[in-house]
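Heads up, the thing below is written out as structure tokens.
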Amino acid sequence: MALAGQPVLILKEGTSRTRGRSAQRNNITAARIIAEMVKTTLGPKGMDKILVDTIGDVIVTNDGATILEKMDVEHPAAKMIIEVAKTQDKSVGDGTTSAVLIAGELLAKAEELIEQKIHPSTIIAGYKKALDLALKRLGEIATEVNLTDKETLRKIVHTSLGSKSLGFGTDHVANLAIDAVLSVIKEYDGKRRADKDDIQIVKKMGKSIVESQLIKGVVIDKEVVHPGMPKRVTNAKIAIIDAPFEIEKTEFSAEIRIRDPLKIKEFLDEEARILKEMVDKVVQVGANVVFCQKGIDDAAQFFLAKAGILAVRRVKRSDMEKLEKATGGRIVTNFEDLSPKDLGEAALVEERKIGEDRMVFVEGCKNPKAVSILLRAGLERQLDEAERALNDALMNMITIVDDNRFVPGGGAVETELAQYIRENASKYSGKEQLAMLAFADALETIPKTLAENAGLDPVDIMSSLRSKHVDAGYKYGINVFTGKVDDMISLGVIEPYKVKAQALKSSFEAAAMILRIDDVVAASKKKEEKGKKESETPEFD
30 MALAGQPVLI LKEGTSRTRG RSAQRNNITA ARIIAEMVKT TLGPKGMDKI
80 LVDTIGDVIV TNDGATILEK MDVEHPAAKM IIEVAKTQDK SVGDGTTSAV
130 LIAGELLAKA EELIEQKIHP STIIAGYKKA LDLALKRLGE IATEVNLTDK
180 ETLRKIVHTS LGSKSLGFGT DHVANLAIDA VLSVIKEYDG KRRADKDDIQ
230 IVKKMGKSIV ESQLIKGVVI DKEVVHPGMP KRVTNAKIAI IDAPFEIEKT
280 EFSAEIRIRD PLKIKEFLDE EARILKEMVD KVVQVGANVV FCQKGIDDAA
330 QFFLAKAGIL AVRRVKRSDM EKLEKATGGR IVTNFEDLSP KDLGEAALVE
380 ERKIGEDRMV FVEGCKNPKA VSILLRAGLE RQLDEAERAL NDALMNMITI
430 VDDNRFVPGG GAVETELAQY IRENASKYSG KEQLAMLAFA DALETIPKTL
480 AENAGLDPVD IMSSLRSKHV DAGYKYGINV FTGKVDDMIS LGVIEPYKVK
530 AQALKSSFEA AAMILRIDDV VAASKKKEEK GKKESETPEF D
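So the working numbering is basically just the index in the sequence shown, starting at one, shifted up by 29.
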């Protein structure tokens with residue numbers, strides 16, 4: 030900028046600035062590219078992506094959230110779209126690909142409207158009205174499910190797992206997820222809740238997915254501390270202790286001078302006596318299993334083994350909390366406070382060798398409020414993908430516990446909402462009506478993409494899908510296996526209401542945020558950082 034012939038420097042040298050229409054176009058293009066990347070992964074016929082990181086680690090997945098999380102993206106607008114996927118994954122655990130696709134399509138439609146000289150604020154206002162109509166209609170078509178209706182719950186979880194590469198293990202993983210979540214339900218103020226943190230997933234290579242199991246208790250990835258201890262305890266009375274079975278060392282360096290050799294023995298005997306008292310306290314309250322978050326001294330290990338007590342040391346805090354919830358015991362931070370009522374109970378505590386590792390299983394708890402799933406698979410990549418699938422299944426179930434409504438899948442919901450918006454858009458005047466119709470078109474990207482990924486003609490499918498919704502109602506979607514339009518409810522292709530509602534809200538918010546931007550000011554990269562990166566680049570002969 031020049032003022033009276035004098036240049037006025039506002040921004041630092043090297044800073045780039047993109048304004049107005051050019052900035053909007055760049056942002057929309059970046060967001061659409063991200064949507065295009067995950068487009069082919071949607072649905073049961075979706076394709077997988079192979080991701081290779083900087084150190085050569087390989088991930089094979091079709092999980093939208095994982096693909097976007099692992100990508101190293103530079104563009105700020107693209108990062109916003111990735112935030113949509115992260116929000117969707119964190120709040121409901123599924124529907125990430127759908128949310129990103131709708132957001133990308135909303136921006137594509139907005140670009141067409143901007144070309145017609147419609148202001149971004151008007152587009153956003155129209156989109157908001159369309160969103161309100163969509164959420165209203167979504168609530169009307171949602172159906173409630175009883176948590177005792179395991180058949181319907183299985184269909185909901187199965188729909189979520191339909192696009193995962195689990196093969197013959199899909200049913201088994203679905204059942205594990207349902208049983209695990211139903212075990213950890215709690216009631217707060219008359220409302221049911223399930224917490225993902227109460228379900229521990231332990232991955233171990235070997236065997237097949239169908240040999241994965243639900244343990245009504247906790248798996249501790251540690252081994253019994255002393256070879257003289259029992260490796261199996263039935264009718265276990267469990268002490269959960271957050272205090273060291275050790276003589277505490279002084280905070281500062283201390284020197285003890287002993288002139289009489291007999292006093293050395295007395296000094297060592299006193300240490301052993303203190304440790305014996307600790308063990309006697311555990312025996313006195315009736316415990317036959319000890320889980321300790323801190324260390325266990327060698328002498329204490331000997332006394333515990335002599336008393337026939339199974340002990341595990343250095344247990345993680347999170348595992349201690351799960352033990353507390355599973356066994357009904359209480360974490361004790363002081364040996365003097367330990368009493369019989371603090372002890373947890375389990376039918377069996379046993380050390381087992383799983384693969385190359387030894388682990389302690391605490392199972393057969395009466396009413397566990399924390400459970401574990403031991404996940405098995407023959408390949409490391411398959412095990413990782415099974416964990417991602419299991420996470421989605423668990424989150425679907427947790428979402429249903431929170432809000433027990435479901436809606437049809439297979440693009441049925443998006444087609445119905447698009448139709449409802451078109452019917453009601455005529456009641457609104459002005460340019461906002463065009464934005465509402467654009468919102469309806471954007472929603473139909475889901476059934477179109479499902480058809481494309483299944484190798485079907487999207488034009489034929491969409492025309493028959495729309496006419497079916499007019500004639501027969503909202504339940505009809507795309508059967509990607511037969512290539513026809515079918516009743517999704519009777520096929521058992523159903524999804525949680527909350528997943529769909531969150532996808533609509535997240536995609537609208539991301540599109541609105543990107544449309545409001547008309548100026549991008551990017552600082553130049555630091556020279557030292559650039560030089561450092563160059564020096565880090567490996568050289569090859």
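Ideal Cβ placement from N, Cα and C applies to all residues, glycine included.
query: The region 452-472 in contact with the region 483-497 per 3-pair CB rule at 8 Å; result: no
query: Residues near Glu-568 by beta carbon distance below 6 Å, same chain, minus five either side; result: With a pLDDT of 47 at Glu-568, under the threshold of 50, the predicted position of this residue should be treated as unreliable, and no value is reported.
query: Proximity below 8 Å, CB of Phe-364 to CB of Ala-272; result: yes
query: Cβ-Cβ distance between Asp-421 and Gly-85 below 8 Å; result: no
query: Residue span of the beta strand (DSSP E) that contains Ile-269, given as start and end; result: 261-270
query: contact_flag[the region 157-168, the region 374-388] where n(CB pairs < 8 Å) is 3 or more; result: no
query: Span of the alpha helix (DSSP H), counted from its first residue to its last, around Arg-405; result: That residue, Arg-405, is in no alpha helix (DSSP H); its beta strand (DSSP E) goes 400-406.
query: Rounded straight-line distance, which links the Cα of Leu-136 to that of Glu-112; result: 16 Å
query: Status (buried if at least 16 other CB within 10 Å, exposed otherwise) for His-148; result: exposed
query: Spatially closest choice to Val-247 from Val-344, Glu-65, Glu-140 and Ala-539, by CA coordinates; result: Val-344
query: Beta-bridge pairing of Ala-579 - partner residues as DSSP gives them; result: The question about residue 579 has no answer here: the residues shown for the chain are numbered 30 through 570.
query: Separation of Asp-309 from Gly-324, as counted between CA atoms; result: 17 Å
query: Reference Glu-409; option with closest CA among Lys-534, Pro-290, Asp-516 and Gly-235; result: Gly-235
query: Beta-carbon spacing of Thr-116, Thr-70 below 8 Å; result: no
query: Classification of Phe-390 by the beta-carbon crowding that lies within 10 angstroms, buried from 16 upward; result: buried
query: Residues sharing a beta bridge with Phe-537, DSSP; result: Answer is none; Phe-537 lacks a bridge partner.
query: 7 Å CB neighbourhood of Met-465 in its chain, flanking five on each side removed; result: Gly-155, Lys-158, Ala-159, Ile-450, Ala-454 and Tyr-457
query: Rounded separation between Glu-299 and Leu-367 - CA only; result: 22 Å
query: Cα-Cα separation, Arg-359 to Ile-303; result: 24 Å
query: Of the residues Lys-245, Asp-118, Asp-500 and Glu-98, the one placed nearest Val-400, counting alpha carbons only; result: Lys-245
query: Sequence-distant residues of the same chain with beta carbon closer than 6 Å to Glu-275, five excluded per side; result: Gly-324 and Asp-326
query: Own chain partners of Asp-348 with C-beta closer than 7 Å, once the 5 adjacent residues on each side are dropped; result: Val-247 and Ile-249
query: Check whether Ala-467 and Ala-203 have beta carbons under 8 Å apart; result: no
query: Status (buried if at least 16 other CB within 10 Å, exposed otherwise) for Thr-181; result: buried
query: Close-in-space but distant-in-sequence residues of the same chain around Asp-289 (CB under 7 Å, 5 per side omitted); result: none
query: DSSP-derived helix/strand/coil call for Ala-209; result: helix
query: Contact under 8 Å by Cβ, Leu-243 with Ala-209; result: yes
query: Pair within 8 Å by beta-carbon distance, Ala-94 and Asp-77; result: no
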